[in-house]
Structures are given as C-alpha cells and as structure tokens.
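Notes follow once the structure below has been shown.
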Amino acid sequence: MAKPEKPGAAEGSLISHLLELRDRLLYSVITIAVVFFGLIPFASEVYTVVAKPLMGVLPAGATMIATEVASPFLTPIKLTLAVAIVITIPFLLYQLWAFVAPGLYKHERRLVFPLLLSSTILFYGGMAFAYFVVFPMAFGFFVHALPPGVTMMTDIRSYMDFVFSMFFAFGIAFEVPIAVILLARMGVINPDTLGQKRPYVILWAFIVAAVITPPDVFSQFFLAVPMIILFEVGLFVARLMKRAADAAVDSGRRNLTEDEIEAEFNKQD
Numbered sequence: 002m003a004k005p006e007k008p009g010a011a012e013g014s015l016i017s018h019l020l021e022l023r024d025r026l027l028y029s030v031i032t033i034a035v036v037f038f039g040l041i042p043f044a045s046e047v048y049t050v051v052a053k054p055l056m057g058v059l060p061a062g063a064t065m066i067a068t069e070v071a072s073p074f075l076t077p078i079k080l081t082l083a084v085a086i087v088i089t090i091p092f093l094l095y096q097l098w099a100f101v102a103p104g105l106y107k108h109e110r111r112l113v114f115p116l117l118l119s120s121t122i123l124f125y126g127g128m129a130f131a132y133f134v135v136f137p138m139a140f141g142f143f144v145h146a147l148p149p150g151v152t153m154m155t156d157i158r159s160y161m162d163f164v165f166s167m168f169f170a171f172g173i174a175f176e177v178p179i180a181v182i183l184l185a186r187m188g189v190i191n192p193d194t195l196g197q198k199r200p201y202v203i204l205w206a207f208i209v210a211a212v213i214t215p216p217d218v219f220s221q222f223f224l225a226v227p228m229i230i231l232f233e234v235g236l237f238v239a240r241l242m243k244r245a246a247d248a249a250v251d252s253g254r255r256n257l258t259e260d261e262i263e264a265e266f267n268k269q270d
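Be aware that the sequence shown starts at 2, since it is given in my numbering, and climbs by one per residue.
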C-alpha cells in the first residue's frame, strides 16, 4: 500500500513550480529588454523598414503624417518594442518549453519540440509573406483606387497599428498545419473525416480572410489561399502520423499474441 503524500509535499512542489515560472518570466523580460534597448538607437531605421511597403507606392511628394503631438516620438519606440518581442519569440518559446518539459512523457517531449520549432518558423513565414507580398499589392491597390483630387495622408500610429494587426493575422493563419496536427494527435478530429469536409474548410478560409484583412480582393485572396495550402499540408502530416500510430498498435497486438502463444506452449511443456 502506497504511503499517503505528506501535506507539505504538494505545497512545496507548487512553490517550486511558481518559483521556476517566475524565473522563466524574468529571463524572458530581461531578454526582451536587452534587445529593445539594443534597438533603441536604430528606432528610426526600424520605422523606415516597416513603413517601406507604403512609402514605396505613395505618389511623389506624399508622406505620412502625425496627428498627435507625441506620435513622432512614441510610435517608433512602440514599434521597436514590438520588433524586440518578435525577435525574441524563439527564446520565449524555449522558456515555455523548458518550463513544461519536465512534466511531459518522453514521447510527448519528442513531439512538442519539433512543433514549437515549426510553429516559430511558420509564424515568421506568415509575417514575411505579409510584408513582401501582401503589403505592396494591398497598398498599391489603395493608392490607385483614390478618387481624383484626393491625396492619401496616413497617420503613422494608425499605419503601425494596421501593419502589426496584419502581421499577427498572417502569423496566426500560418499556424493552421500545427493546429491540424495537434488536434489529430489529441484525437479531437479524425484526419480522414476532416478531409471529407474540405469544401467547408475552404469556405471558412475565405470567410476568415475577409474578416481580418482589408476590404480588397488581393489581401483576402493572399491570406485564404496559403491557409488552404497549409491546411492540406497539416492534413497530410496528420494522416501519416495516424497511419504510423495504427501500425504501431497493430504491431503491439501481434507481438502480444505471439507472447501468449509462447506462454501457452511453455505451459504444455
């Protein structure tokens, strides 16, 4: 009979977990602060890089404006902080991994680390796709759609809010294969059943793209199509994992049957 756990054991374990969580959060905050203060001297250059997709399509002589007194100072600072957080995402995810890994089984640890790595790459890929492909086409469409006699004068704070909301939207959208794989791995969905519902997935991809992107065809199309492609990638991997798991189960059953037969022969001897 197992001995009952001492009353102070659970409390001590909880305190140790809270202390480790504090340390992980502290490491994360320090890392973000170091990168942030390292980028502060280059805040204007960071702003120039992020503003390039719009500035590149504005008519000659057109510029962005600041409608608030402190915007020319605060907007590049806020932008630099956001960039620092984005740059440190791999380290932040590592801290999350290091905190939860001791409580996972060995096979779960083997699965979680590749998923964290691939989700980081996909998030950066979504942001890069938005910056290099979607923004130039969307902003070019907005500029050329201006009525005659109207000049486009975008506020820098509104522009940065818009850009980072799009970065976040595309970064999250590119996590579709990770979501499909995780849901299939946990048994929430069946890959074969999900494949049969492909028309609904395509419809919802365009609906989501229409909601979170500007009201132009280009942005909606360039978000919906990658989501559909990445869904197919996630579905393909989920099916491979399911087949491998089923094969492992069948192999275990066969081995169990052989062991039982051998035990029966030993009894007869």
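Even glycine gets a Cβ: it sits at the ideal position worked out from N, Cα and C.
Quick caveat: nothing in here was measured; it's all calculated off a predicted structure.
Ala44 sits buried, since 16 or more C-beta atoms from the chains shown fall within 10 Å of its C-beta. With contacts defined as CB atoms closer than 8 Å, Ala206 and Ala225 qualify as a contacting pair. In terms of Cβ geometry, Val144 and Val58 form a close pair [threshold 8 Å]. When the Cα atoms are used, Leu20 and Ala248 turn out to be separated by approximately 42 Å.
Closest option to Ala211, judged by alpha-carbon separation, among Phe171, Leu195, Pro178 and Pro148: Phe171. When rounded, the separation of the alpha-carbon atoms in Ile33 and Thr152 is 39 Å. Within 10 angstroms of the beta-carbon of Thr214 lie 16 or more other beta-carbons, which makes it buried.
Our two residues, Lys79 and Leu117, have alpha carbons roughly 27 Å apart in a direct line.
Ser220 sits buried, since 16 or more C-beta atoms from the chains shown fall within 10 Å of its C-beta. Cβ-Cβ separation between Ala174 and Gly127: approximately 6 Å, consistent with a contact (criterion under 8 Å). Met65 counts as buried, since no fewer than 16 other beta carbons sit within 10 angstroms of its beta carbon. Separation of the CB atoms of Leu82 and Phe37 is rounded to 5 Å, and the pair is thereby assigned contact status at 8 Å. In this structure, Pro200 sits away from Ala239, with a CB-CB distance that is not shorter than 8 Å. Exposure of Pro42 is indicated by the presence of fewer than 16 other C-beta atoms within 10 angstroms of its C-beta.
With 16 or more other Cβ atoms from the protein chains shown falling within 10 Å of its own Cβ, Gly235 counts as buried. Across the structure, His18 and Ala67 are spaced so that their CA atoms are roughly 46 Å apart. Under the 10 Å beta carbon count, Gln96 is surrounded by 16 or more other beta carbons and is classified as buried.
Remark: C-beta atoms of Phe114 and Leu22 do not approach each other more closely than 8 Å.
Take Ala85, set aside five residues on each side of it, and the residues of its chain with a beta-carbon closer than 7 Å to its own are Ile33, Val36, Phe37 and Leu40, in chain order.
In this chain, the alpha helix (DSSP H) harbouring Glu46 covers Ala44 to Met56. Going by DSSP, Phe175 is part of no alpha helix (DSSP H) at all; its letter is neither H nor E. Under the three-state reduction of DSSP, Ile66 is assigned to strand.
Taking C-alpha positions only, Glu233 is separated from Val30 by approximately 37 Å.
The closest CA to that of Met187, considering only Leu112, Met161 and Ala139, is found on Leu112. Following the DSSP letters along the chain, one finds Thr194 inside the alpha helix (DSSP H) bounded by residues Pro192 to Gln197.
Sequence-distant partners of Ala139 (beyond 5 residues in either direction) whose C-beta falls short of 7 Å from its own C-beta, in its chain, are Pro215, Asp217, Phe219 and Ser220.
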